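Protein chains in written order, with numbering that gives the first Met the number 0: chain B, 0 to 417; chain U, 0 to 159. This report refers to the structure that appears directly beneath it.
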Amino acid sequence: MNLEQAMDIRQQRILAALENKNTTVHFDDALDNQMILNMGPQHPATHGVLRLLIKLDGETVVACVPELGYLHRGYEKLAENCSYHEFIPHTDRLDYLSPLMNNTAYVLAVEKLIGIETPKRAQYLRTIICELARISSHLLGVGALAMDVGALTVFTWTFREREKLYDIFELLTGARFTTSFTRVGGLANDMTPEVKTAIHQFIEQIPEKFDECIKMLNTNRIFVERLDGVGVISKEKAVAMGMCGPNIRGVGVEHDLRRKEPYLVYNELDFTIPVFHGGDCLSRYYVRVNEVKESIKIVRQCLEKIPDGPVHANAPKKVLPRKERIYTKMEELIHDFMLINFGVNPPVGEVYHAIEGSKGELGFYIQSRGEGNPWRLKIRSPSFMNLQSTSLLVEGGMISDIVAVLGSLDPVMGEADK
Amino acid sequence: MLTTVVEKLKSQFPSGVLEVKEFRGETTVHIKKEDNVAVCTFLRDDEACRFDYCSDICGADAYTPENRFEVIYNLYSIPLNHRIRLKVFVDESDLHCPSVTGVWPGAEWPERETYDMVGIVFDGNKDMRRMYMPEEFQYFPLRKDFPMMGIPNSISLPRK
Numbered sequence: 000m001n002l003e004q005a006m007d008i009r010q011q012r013i014l015a016a017l018e019n020k021n022t023t024v025h026f027d028d029a030l031d032n033q034m035i036l037n038m039g040p041q042h043p044a045t046h047g048v049l050r051l052l053i054k055l056d057g058e059t060v061v062a063c064v065p066e067l068g069y070l071h072r073g074y075e076k077l078a079e080n081c082s083y084h085e086f087i088p089h090t091d092r093l094d095y096l097s098p099l100m101n102n103t104a105y106v107l108a109v110e111k112l113i114g115i116e117t118p119k120r121a122q123y124l125r126t127i128i129c130e131l132a133r134i135s136s137h138l139l140g141v142g143a144l145a146m147d148v149g150a151l152t153v154f155t156w157t158f159r160e161r162e163k164l165y166d167i168f169e170l171l172t173g174a175r176f177t178t179s180f181t182r183v184g185g186l187a188n189d190m191t192p193e194v195k196t197a198i199h200q201f202i203e204q205i206p207e208k209f210d211e212c213i214k215m216l217n218t219n220r221i222f223v224e225r226l227d228g229v230g231v232i233s234k235e236k237a238v239a240m241g242m243c244g245p246n247i248r249g250v251g252v253e254h255d256l257r258r259k260e261p262y263l264v265y266n267e268l269d270f271t272i273p274v275f276h277g278g279d280c281l282s283r284y285y286v287r288v289n290e291v292k293e294s295i296k297i298v299r300q301c302l303e304k305i306p307d308g309p310v311h312a313n314a315p316k317k318v319l320p321r322k323e324r325i326y327t328k329m330e331e332l333i334h335d336f337m338l339i340n341f342g343v344n345p346p347v348g349e350v351y352h353a354i355e356g357s358k359g360e361l362g363f364y365i366q367s368r369g370e371g372n373p374w375r376l377k378i379r380s381p382s383f384m385n386l387q388s389t390s391l392l393v394e395g396g397m398i399s400d401i402v403a404v405l406g407s408l409d410p411v412m413g414e415a416d417k
Numbered sequence: 000m001l002t003t004v005v006e007k008l009k010s011q012f013p014s015g016v017l018e019v020k021e022f023r024g025e026t027t028v029h030i031k032k033e034d035n036v037a038v039c040t041f042l043r044d045d046e047a048c049r050f051d052y053c054s055d056i057c058g059a060d061a062y063t064p065e066n067r068f069e070v071i072y073n074l075y076s077i078p079l080n081h082r083i084r085l086k087v088f089v090d091e092s093d094l095h096c097p098s099v100t101g102v103w104p105g106a107e108w109p110e111r112e113t114y115d116m117v118g119i120v121f122d123g124n125k126d127m128r129r130m131y132m133p134e135e136f137q138y139f140p141l142r143k144d145f146p147m148m149g150i151p152n153s154i155s156l157p158r159k
């Protein structure tokens with residue numbers, strides 16, 4: 000009898016024992032025994048398909064092992080087999096709460112590899128969509144955190160605001176979720192005056208609506224006490240564990256790539272980096288709340304400052320031409336044919352470009368061999384690195400705090416699993 | 000870009016630094032596999048380097064007869080705000096590489112992912128399980144000889 004058959008028989012015995020109502024279990028000491036609990040992958044508080052194996056002593060978490068890979072789609076392998084332009088729609092599916100940010104991060108890395116710079120208008124527009132995506136992501140992060148710890152109403156309120164954002168995205172890009180808006184060297188479309196008005200309207204009303212949500216949470220004693228002092232991590236540990244984004248700013252490290260390595264037009268804008276020193280769930284929540292307010296400020300400045308002009312770089316051999324010109328101009332037809340069939344062919348080399356995504360440092364590392372496809376593309380996903388600290392944060396705490404910690408880390412499994 | 004760091008590395012590890020490359024303002028330093036941990040510890044602790052943040056670790060398959068695999072470390076320094084990239088070559092005949100989890104504990108998952116995707120075993124990493132693929136999966140999907148469409152029956156379906 001091999002091991003598999005033996006396991007089968009054991010399973011059958013356990014099942015039979017479970018079905019028998021006369022089965023009894025004896026413990027020597029009821030208080031002294033550890034239980035293994037399997038949380039997920041289909042658990043609503045795990046924000047997707049995260050699986051946690053938790054060892055419990057009573058209600059105290061002794062050990063926690065996160066298991067990933069339930070949403071692994073092999074985007075890095077796919078990237079090696081499609082051209083630089085073809086990969087843009089795949090980036091939508093990474094962090095599906097802020098697809099516009101992933102689009103931007105990816106094309107910025109490709110543009111760095113090729114060595115082209117986009118016109119000012121495109122850069123401002125990219126900044127606007129990045130910040131709108133950050134607002135949308137943080138609205139969900141805050142709402143879902145509140146829902147995880149029991150405050151259901153706020154979730155519906157933040158979703159009402161996100162719905163308005165999705166309307167803007169639809170007006171701007173033609174799609175609500177899978178936007179695929181950016182292109183190498185520019186954007187798919189320019190912003191119409193209609194979109195500008197819509198963003199203006201949204202920006203004008205969001206502070207008041209957002210304050211409503213926040214007031215409801217900040218004055219809620221249960222909410223604050225469920226988060227205060229829960230899931231604490233020290234500054235040194237957070238840095239060593241590679242935590243990023245709002246989570247690392249919640250332990251008092253002022254690390255924000257928008258300030259440290261300014262990309263797009265962030266060095267022309269006036270905003271502050273919210274930093275809180277608690278290192279607990281409440282600090283991480285406060286960072287997100289304050290970041291939304293800063294993002295609103297940034298979008299408002301961008302709308303004032305955005306110049307007129309083209310949204311495509313003047314590099315015909317690298318940037319896809321406009322459709323109407325392909326049908327009427329010979330040159331554009333040739334360039335389009337070459338770009339679609341052979342790709343952008345960047346020089347031989349490797350680059351790593353990271354932006355401050357809504358979850359943290361979202362980086363793309365690309366190795367090029369001068370071909371139309373990347374030789375190797377690595378996605379540095381912030382959720383993956385943030386989730387790594389889960390076991391550190393929950394061990395020693397109560398089982399009910401796990402959902403609060405996960406909510407405050409705000410992971411997106413589409414990004415963590417790639 | 001990073002002349003001081005590169006100079007310090009060269010004087011500290013005269014035989015360990017194999018090549019220094021510069022592209023688009025980014026510095027890539029090829030180092031010997033054996034000196035991996037020593038170089039990383041030096042880069043973390045030295046006053047002029049202070050690479051306290053391990054952004055990312057990944058593996059790549061160069062598909063060459065010698066030194067087929069690369070392990071790439073993207074490092075960042077929060078206090079000094081600079082980046083460097085280290086590269087280690089791993090030959091197909093010896094798929095082992097020293098782990099840097101002792102330098103940055105956060106390197107554990109990226110190393111597991113590298114093992115899962117290209118099959119490089121990190122000696123010293125306490126939890127060398129697969130990150131994404133099922134435990135019984137026998138291939139390494141990001142190797143260039145693994146077909147894009149996958150291998151039939153390589154992932155067993157759940158038993159009924």
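Built from N, CA and C at the ideal position, the CB exists for glycine as well. Computed from a predicted model, the values in this text were never measured in an experiment.
Item: With a cut-off of 8 angstroms, do at least 3 Cβ pairs link the stretch 403 to 416 of chain B to the stretch 229 to 247 of chain B?; Value: yes
Item: If you check the beta carbons only, do Y123(B) and V411(B) fall under 8 angstroms apart?; Value: no
Item: Rounded to the nearest angstrom, what separates Y114(U) and H84(B) at their Cα positions?; Value: 29 angstroms
Item: Taking C-beta pairs closer than 9 angstroms, name the residues in chain U that F158(B) reaches, listed in chain order.; Value: What F158(B) touches in chain U: nothing, since even the nearest Cβ is about 30 angstroms away.
Item: Ends of the beta strand (DSSP E) at D90(U)?; Value: Here D90(U) belongs to no beta strand (DSSP E), and DSSP marks it neither H nor E.
Item: If you draw a straight line from the C-alpha of G277(B) to the C-alpha of L70(B), how long is it?; Value: 32 angstroms
Item: Which parts of the stretch 33 to 80 of chain U are runs of the alpha helix (DSSP H), unbroken and 4 residues or longer, counting only runs that do not cross its ends?; Value: 35 to 44
Item: For a quick check, are the C-beta atoms of R84(U) and T26(U) less than 8 angstroms apart?; Value: yes
Item: What residues in the stretch 32 to 63 of chain U have a beta carbon less than 7 angstroms from any beta carbon of chain B?; Value: D51, Y52, C53, S54, D55, C57 and A59
Item: For the stretch 375 to 395 of chain B, which residues have a CB atom closer than 7 angstroms to at least one CB atom of chain U, in sequence order?; Value: R375, K377, R379, F383, M384 and Q387
Item: With a cut-off of 8 angstroms on the beta carbons, I'd call V4(U) and A59(U) a contact; round off their distance for me.; Value: Actually they do not touch by this definition, with Cβ atoms about 23 angstroms apart.
Item: Can you tell me whether I115(B) is helix, strand or coil according to DSSP?; Value: coil
Item: Leaving out the 5 sequence neighbours to the left and right, which residues in its chain are closer than 8 angstroms to K125(U) when beta-carbon positions are compared?; Value: T100 and E107
Item: I think R161(B) touches S135(B), with their Cβ atoms under 8 angstroms apart; what is that distance to the nearest whole Å?; Value: 5 angstroms
Item: Given 8 angstroms as the limit, is there contact between the stretch 75 to 82 of chain B and the stretch 6 to 24 of chain U, that is, 3 or more CB pairs closer than that?; Value: no
Item: Report the partner residues of G185(B) according to the DSSP bridge assignment.; Value: R182(B) and H311(B)
Item: With DSSP collapsed to three states, give me the class of N37(B).; Value: strand
Item: On a Cα-Cα basis, can you pick out the residue from T40(U), F22(U) and S155(U) that is closest to L8(U)?; Value: T40(U)
Item: Check whether chain B comes within 8 angstroms of M127(U), counting only Cβ atoms and requiring the distance to be less than that.; Value: no
Item: Determine, using beta carbons only, whether Y183(U) comes closer than 8 angstroms to chain B.; Value: Here chain U has residues from 0 to 159 only, and residue 183(U) is not among them.
Item: Give me the DSSP bridge partner(s) of D227(B).; Value: For D227(B), which the question treats as bridged, DSSP gives no partner whatsoever.
Item: Would you mind sorting I339(B) into buried or exposed? The rule is 16 or more other CB atoms within 10 Å of its CB.; Value: exposed
Item: How would you list, in chain order, the residues of chain U whose beta-carbon sits under 9 angstroms from the beta-carbon of N80(B)?; Value: M147
Item: Have a look at L144(B), M6(B), E303(B) and N102(B) and flag the residue whose alpha-carbon is nearest the alpha-carbon of A132(B).; Value: N102(B)
Item: Against chain U, does D416(B) count as a neighbour if the rule is that its beta carbon must be under 8 angstroms from one of theirs?; Value: yes
Item: What residue range does the alpha helix (DSSP H) around K214(B) cover?; Value: P192 to N217
Item: Establish whether the CB of E135(U) and some CB of chain B are separated by less than 8 angstroms.; Value: no
Item: Within 10 angstroms of the Cβ of E69(U), are there 16 or more other Cβ atoms? Answer buried if so, exposed if not.; Value: buried
Item: By the three-class DSSP mapping on this structure, what secondary structure does E58(B) have?; Value: coil
Item: Looking at the strands, I want to know which residues DSSP matches up with G24(U).; Value: DSSP, once it has assigned bridges, lists no residue as partnering G24(U).
Item: Does chain B have any CB closer than 8 angstroms to the CB of F68(U)?; Value: no
Item: From E203(B) to V194(B), what does the alpha carbon distance come to, in whole angstroms?; Value: 14 angstroms
Item: Tell me the DSSP secondary structure of Y432(B) in three-state form.; Value: Residue numbering for chain B in the displayed model covers 0 to 417; residue 432(B) lies beyond these limits and cannot be assessed.
Item: Could you give the distance in angstroms between the alpha-carbon of E116(B) and the alpha-carbon of P133(U)?; Value: 42 angstroms
Item: So what does DSSP say about D335(B), is it helix, strand or coil?; Value: helix
Item: Determine the closest residue to A415(B) out of Y138(U), M130(U) and P151(U), with distance taken between C-alpha atoms.; Value: M130(U)
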